[in-house]
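Asker: In this note's numbering, the protein residues as written are 343 to 495.
#1: At the level of alpha carbons, what is the spacing between residue 358 and residue 410?
#2: I need the boundaries of the alpha helix (DSSP H) containing residue 348, first residue and last residue.
#3: Relative to the C-alpha of residue 492, which residue among 351, 480, 441, 458 is closest?
#4: Alpha carbon to alpha carbon, how far is residue 484 from residue 355?
#5: By the three-class DSSP mapping on this structure, what secondary structure does residue 451 have?
#6: Would you mind listing the alpha helix (DSSP H) stretches within the region 424–468 that are 4+ residues and don't spill past its ends, in chain order?
#7: In the structure shown, what three-state DSSP assignment does residue 488 receive?
#8: Between which two residues does the alpha helix (DSSP H) harbouring residue 379 extend?
#9: How is residue 392 classed by DSSP in three states: helix, strand or coil?
#10: Taking 6 Å as the limit between beta carbons, can you name the residues of its chain near residue 396, skipping five residues before and five after?
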């Protein structure tokens, strides 16, 4: 976007995934879970933080600290519905909203990959193989991407 649409890029204040935007719209809080963030290529799964190196390569002049969502544990409650969100949905404001996670992260939970041991193959819009570990499992060749789970694995 910076090269092809520089004016639009310069005006952009936030960069996020659709799920993060939905959290913002529902709650007014700009938040993402580590599972979703780990799929962006600019999130370091070992430190569970954004990679300054990658972000500076993308745009050295941008204030990335204020452009990206805060990282919250997937199961944490980030807020209740904001008034406009509750009215639009016809629901009470007291409904809590969690940071959440991606489809593969929740597929892993549903398939039982929440403890070390099971290996799950999921074929859908992508082909994934996942398993739970208590620490990052990094492929030194870079051919397999590591993602954070939605259960702190």
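For every residue, glycine included, the Cβ atom is placed at its ideal position computed from N, Cα and C.
Note that the structure is predicted; figures quoted are calculated from it, not measured.
Answerer: Looking at the coordinates:
#1: Residue 358 and residue 410: Cα-Cα distance of roughly 6 Å.
#2: That run of the alpha helix (DSSP H) goes 348–353.
#3: Selected option, being the one with the closest Cα: 441.
#4: Between residue 484 and residue 355, the C-alpha separation is close to 31 Å.
#5: Note: residue 451 maps to helix in three-state DSSP.
#6: Secondary structure remark: continuous alpha helix (DSSP H) runs of at least 4 residues inside the region 424–468, in chain order: 425–431, 445–453.
#7: Coil.
#8: Following the DSSP letters along the chain, one finds residue 379 inside the alpha helix (DSSP H) bounded by residues 376–379.
#9: Shown here, residue 392 sits in a strand according to DSSP, grouped into three states.
#10: Excluding sequence neighbours, residue 396 sits near 384.
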